[in-house]
Amino acid sequence: MNRQLALMALIGLVMFCPRTWAELVVEVTKGQDDAIPIAIVPFSSPEEAAASFDVAQLVSDDLARSARFKSMARKDMIDQPHTGAKIGFDDWRRLSNDYILVGQLQPQGADRYNIVFELYNVLNRQRLLGYQISANKAGLRLASHQVADMVFEKIIGVRGAFATRIAYISVLGHLPSKTYQLMVADADGANPRVVMQSNEPLMSPAWSPDGQNLAYVSFEGRLPTVYVQLLKTGERHRVSARAGVNQAPAWSPDGRKLALTLSTREGNLDIYTLDLATQAATRITDDPGIDTEPQWSKDGQSLYFTSDRAGGPQIYRVGVQPGDKPRRLTFQGSYNARPRLSPDDSQLAFVTQEDGAYRIATMDLRGRGDVLVLTRGHFDVSPSYAPNGAEIIYASRDRGRGVLALVSADGRVQERLVSSEGEVQEPAWSPF
Amino acid sequence: MQAFLREYSRPLALSVLLHGVLLGSMLLVTFISSQQHLPPVQPLPIDAVVVDSKVLHAAQRAQTERAEQEAARARADAEAKSAAAQADADARAAEEAKTAAAKQAEAEANAANQAKAAEAEDAAKAAAAEQQKAAQAQRRSEADKAAAATQAALDARRAAEARKALEASQAAASRAAEAKQAAEAKQAAEAKQAAEAKQAADAKQAADAKRAAEEHAKQDREAELRRQLADEEHTSAVESGPLRDRYISLLRNKIQNAWIKPPSATAGVDCLVQVTQVPGGEVTGARVTQCNGDAAVRQSIENAVYRASPLPDPPDPALFERNLSLRFRPNE
C-alpha cells in the first residue's frame, strides 16, 4: 500500500512539474544596424537561357541596393545547389550566411520560362519560401524583381518595392534647343522609355492610384496645361487648361479627382479639386498668399499643401469639406515645402532649408511631430515615397548635373541613381 | 542502259533490297522511339503557398507537445498498469491468503462442529439408549451401537487431548529456544563488552601517542569547515553577485551585436526567447515564446541567438545554465 502511494506521488511529480527555464533573464535593447548576409546562388539554366538572363544577379543587385542585405560573392561559394535538398547548411553557416536563395530558370517551350526558387534560413534550416513564377523572355526582369520583393518581405517584414516603376522628367540639350521628356523606368532605373516629349517644359508627373495613368503639366501650348495620359496606349486627355496657372496635379485616393493649383484673374494661386468626370472645380483654399503643391491624405478627407501666407513657405493641412480652416504643421526653419505623405500617413516628407541648402526632411505625424533631416546635399528636392514607405526618391545635383537619389525613410541608407545623359528631375514613385 | 541493267541486275537487285531493309529498319526505329514518350517534365514539388515560419513552429511545437503528452500519458498508463498489476497481484495474494485462512477456519470449524455434533449426538444417543434400556432391554444392538459411538467420541476426545499435549510440548520447546537465544545473546553481549573493554584499554594505552595526531585531525577538521564555509559563501556570491551580473552582460553584449533589427522592431516590442546551450556555449535551440512583434522580429531574434553562438563562457562555471531566457526589448 505504501509502495503504491509512493508510486502515485512520483507520477504526480513527473506530470505536474513545469519545464523549468533558468531565471537568467538577459535584456537586449539594442540591435546592430547591419546588413543581413544572404547567399544568392546562381540559378541553374540551360545555356541559351543563361546567356539571356541572370535571375540571381538581378535579385542580388536589388537586395544589395536596399542596403538591408549583403549578398555573398559568387567566387566565395564552394557549392552551387539549385534545390533545397542539395543545400549543405553547415557549410553555408560556416560561411556566415543567414539565408540562402536557390533556384532554376526552366525553359517551357517557345518564349516561356519558369523561375523556380526556394528561400531557406541557414541558421535553423527552415524553408521560408517556395515559389514558381512564369514569364516570357521580356518579363524575366519583372519576375526577378518579384522574387526579390518576396525575399525582402519574408525577411524584413516589409513588402518589397523592386517590381515597381518611377516616372521622372529628363532634360536634354541646352537652351535654346532643350528637349523635355516624361520618362517611366523600372525602380532600378532599367528599361527607361519615353512617355511624352516636348520642346517646352514638362513638369510634376503624378501617378494615378491604379498605376495606369500619369497626370502632368505641359507647357507645349505656351500656357501650363494639365494632361492625363494612359500609359498602355499613350492616349491622353487635357483635363485643365484654365486661364492663368494650372499646375501641381495630385490624384485623390479613389482616382476620381485631381487636386491642383489654379489662379484667379488677379494671379492669386489657390488649391482646387477637379472632378475628372464632370470637370467641376471646387475651391479649397482662399488666401491672398500662394497656396500650391497639394497632396491628399490616405482617407481623401484632407489636403496637405505649401503656402507662404505667413511669409515664407510652410506646410499646412486643410479638410476638403468647404470652409475648413488650414492649420500650419511646420514651424522649424524658414522654408518647408513640397509635402509628400508616406503610404500609411504616418510620416510627411518635405523639402527644408538648412544652412542655406535644400534637404529632404521627414516629420512624424503620429507622435510629437519630430522633424528629421535625412539628406546632406545642397539641392535635394522633390521627394516621393516608395509604395512600401521604406524609401524616398528625390532629385539632387551631382557636380552641377540633375540626378535622382534614394534615402531610406529612417535616413540610414542613401543611394544615387545616375542617368547616362542629361538632367533628371521630379521623380515620382509608382504605386504597387 | 539495258545492257548495263542486265549486266548488273543481280547487284542492283541486292542493293535495292539492302536499301529497302535499311530504310525499313530506320522507320521502325523512328516509330518505336516516337512511341516512347519522354517522361513529362515533373515540376518541382513547390508549394504555391508561403510557409509561415510561425505556423510551422507552432505546428512543430504542438506536435512535440502532443508527442510529449502522449509519452507522458503512455508512461503514466504503464506505471498505473504496473501499479494496478501489483495491486492485482497483492489483492490476489490477499484473496488467496484469505481463502486459505477461510478454508482453514472452515476446516477447523468443521472439525469442531463435527466433534460437537458427535458429542451432542453421543449425548442424545446415550440418553436415548438409557431410555430405551429402561423401556426395552431388547434393543441391545442399538445399545451396542451407542457404545461404539461413545467409544468414537472417547477416541476423539483422546485425540484432542493428545493434540493439546503436543501443542503444550511445542510451546515448551519454543520457550526453551527463546531461553537459549537469550542466553546466547547475553553471552555475546558479555563477549562484546569484554572486547569493548579491551578496546577501551587499548585506546587508553594509545591515547598519549595519539594526542598529537588528534590535534592535527582537529586542525584539519577546522580547515575543512572553513573551506566549506568559503565554498558556500562563494556559491551564494556567484548566484547573486557581481559575477552573475557580469555573465548576463557578457551574454547581452554578444547577442545584441548579433541582432539585426528589422524595421518593425521598434520601441514597445517585447519578446522572450528560450535558448538551449551546451557546455562550451554552442546554441542548440532558440525559440521565441512570447512576442508582440511580427514574424520578421521573431525570426531576427532567433537568428541573433544562433549568430551569437558560441555564447560566452560564464566567469564562473557554477553559473552555467543549459537553458536561458532572453528578453528582447528594443528601446528607441
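Protein sequence lines correspond, in order, to chains A and B.
The first sequence: position 122 = 122 (my numbering), numbered continuously.
The second sequence: position 208 = 640 (my numbering), numbered continuously.
Quick reminder that beta carbons are idealized off the backbone N, C-alpha and C, glycines included.
All figures in this text were calculated on a predicted structure; none of them were measured in a lab.
Asked: Backbone CA spacing between serine 696 of chain B and glycine 411 of chain A [nearest angstrom]; Found: 15 Å
Asked: For asparagine 191 of chain A, the three-state DSSP class (helix, strand or coil); Found: coil
Asked: Element boundaries [beta strand (DSSP E), containing alanine 281 of chain A]; Found: 281 to 283
Asked: Min CB distance glutamate 734 of chain B to chain A below 8 Å; Found: yes
Asked: C-beta atoms of histidine 378 of chain A and arginine 401 of chain A nearer than 8 Å; Found: no
Asked: Presumed contact (8 Å Cβ cut-off) between alanine 405 of chain A and arginine 416 of chain A, rounded CB distance; Found: 5 Å
Asked: Start and end residues, alpha helix (DSSP H) containing glutamine 688 of chain B; Found: 674 to 690
Asked: Within 8 Å, strictly: CB atoms of glutamate 200 of chain A and serine 218 of chain A; Found: yes
Asked: Helix, strand or coil at asparagine 246 of chain A according to DSSP, with G and I counted as helix; Found: strand
Asked: Chain B within 8 Å of leucine 123 of chain A, Cβ atoms only; Found: yes
Asked: Bridge partner(s) assigned by DSSP for isoleucine 38 of chain A; Found: A/Ser71 and A/Tyr99
Asked: Any chain B beta carbon closer than 8 Å to isoleucine 156 of chain A; Found: yes
Asked: Cβ-based neighbour list, alanine 35 of chain A, same chain, cut-off 8 Å, excluding 5 preceding and 5 following; Found: Ala67, Arg68, Phe69 and Lys70
Asked: Rounded separation between glutamine 613 of chain B and glutamate 622 of chain B - CA only; Found: 14 Å
Asked: Best match in A/Asn268, A/Ser297, A/Gln104 and A/Tyr99 for proximity to aspartate 286 of chain A [C-alpha to C-alpha]; Found: A/Asn268
Asked: Partners in chain B for aspartate 98 of chain A, counting only beta-carbon separations shorter than 9 Å; Found: Ile692, Asn735, Tyr738 and Arg739
Asked: Bridge partner(s) assigned by DSSP for phenylalanine 379 of chain A; Found: A/Tyr358
Asked: Cβ-Cβ distance between glutamine 731 of chain B and asparagine 388 of chain A below 8 Å; Found: no
Asked: Closer than 7 Å at the beta carbon, the chain C residues around aspartate 34 of chain A; Found: The displayed structure is made up of protein chains A and B, and chain C is not among them.
Asked: Sequence-distant residues of its chain with Cβ nearer than 6 Å to tryptophan 691 of chain B (five each side left out); Found: Ala736
Asked: Proximity test, Cβ basis, 8 Å: proline 695 of chain B and chain A; Found: yes
Asked: Beta carbon of arginine 338 of chain A nearer than 8 Å to that of valine 381 of chain A; Found: yes
Asked: Straight-line gap, leucine 152 of chain A to arginine 127 of chain A (C-alpha atoms, nearest Å); Found: Residue identity check: residue 152 of chain A is phenylalanine in the sequence provided, not leucine. So the two alpha carbons sit approximately 15 Å from each other.
Asked: Rounded separation between proline 249 of chain A and threonine 698 of chain B - CA only; Found: 35 Å
Asked: Buried or exposed (CB count within 10 angstroms, at least 16 for buried), leucine 140 of chain A; Found: buried
Asked: Unbroken alpha helix (DSSP H) run spanning alanine 154 of chain A, endpoints; Found: Sequence check: residue 154 of chain A is lysine here, not alanine. Element bounds for lysine 154 of chain A: 140 to 156.
Asked: Nearest-angstrom Cβ-Cβ length linking serine 240 of chain A and threonine 225 of chain A, presumed shorter than 8 Å; Found: 7 Å
Asked: Any beta strand (DSSP E) of 3 or more consecutive residues that is wholly inside the stretch 260 to 327 of chain A; Found: 269 to 275, 281 to 283, 291 to 296, 302 to 307 and 314 to 319
Asked: Close beta carbons around glutamine 80 of chain A, own chain, < 7 Å, minus the five adjacent residues each side; Found: Val41 and Pro42
Asked: Proximity winner among A/Pro343, A/Arg368 and A/Gly323, relative to leucine 329 of chain A (alpha-carbon distances); Found: A/Arg368
Asked: Within chain A, the residues that aspartate 726 of chain B reaches when beta carbons sit closer than 8 Å; Found: Gly157
Asked: For serine 340 of chain A, the residue or residues it bridges with in DSSP; Found: It should be pointed out that residue 340 of chain A corresponds to arginine in this sequence rather than to serine. Arginine 340 of chain A pairs with A/Ala349.
Asked: The stretch 739 to 747 of chain B contacting the stretch 672 to 692 of chain B, beta-carbon criterion three pairs below 8 Å; Found: yes
Asked: Separation of alanine 281 of chain A from threonine 273 of chain A, as counted between CA atoms; Found: 6 Å
Asked: Proximity of leucine 258 of chain A and tryptophan 251 of chain A at Cβ, strictly below 8 Å; Found: yes
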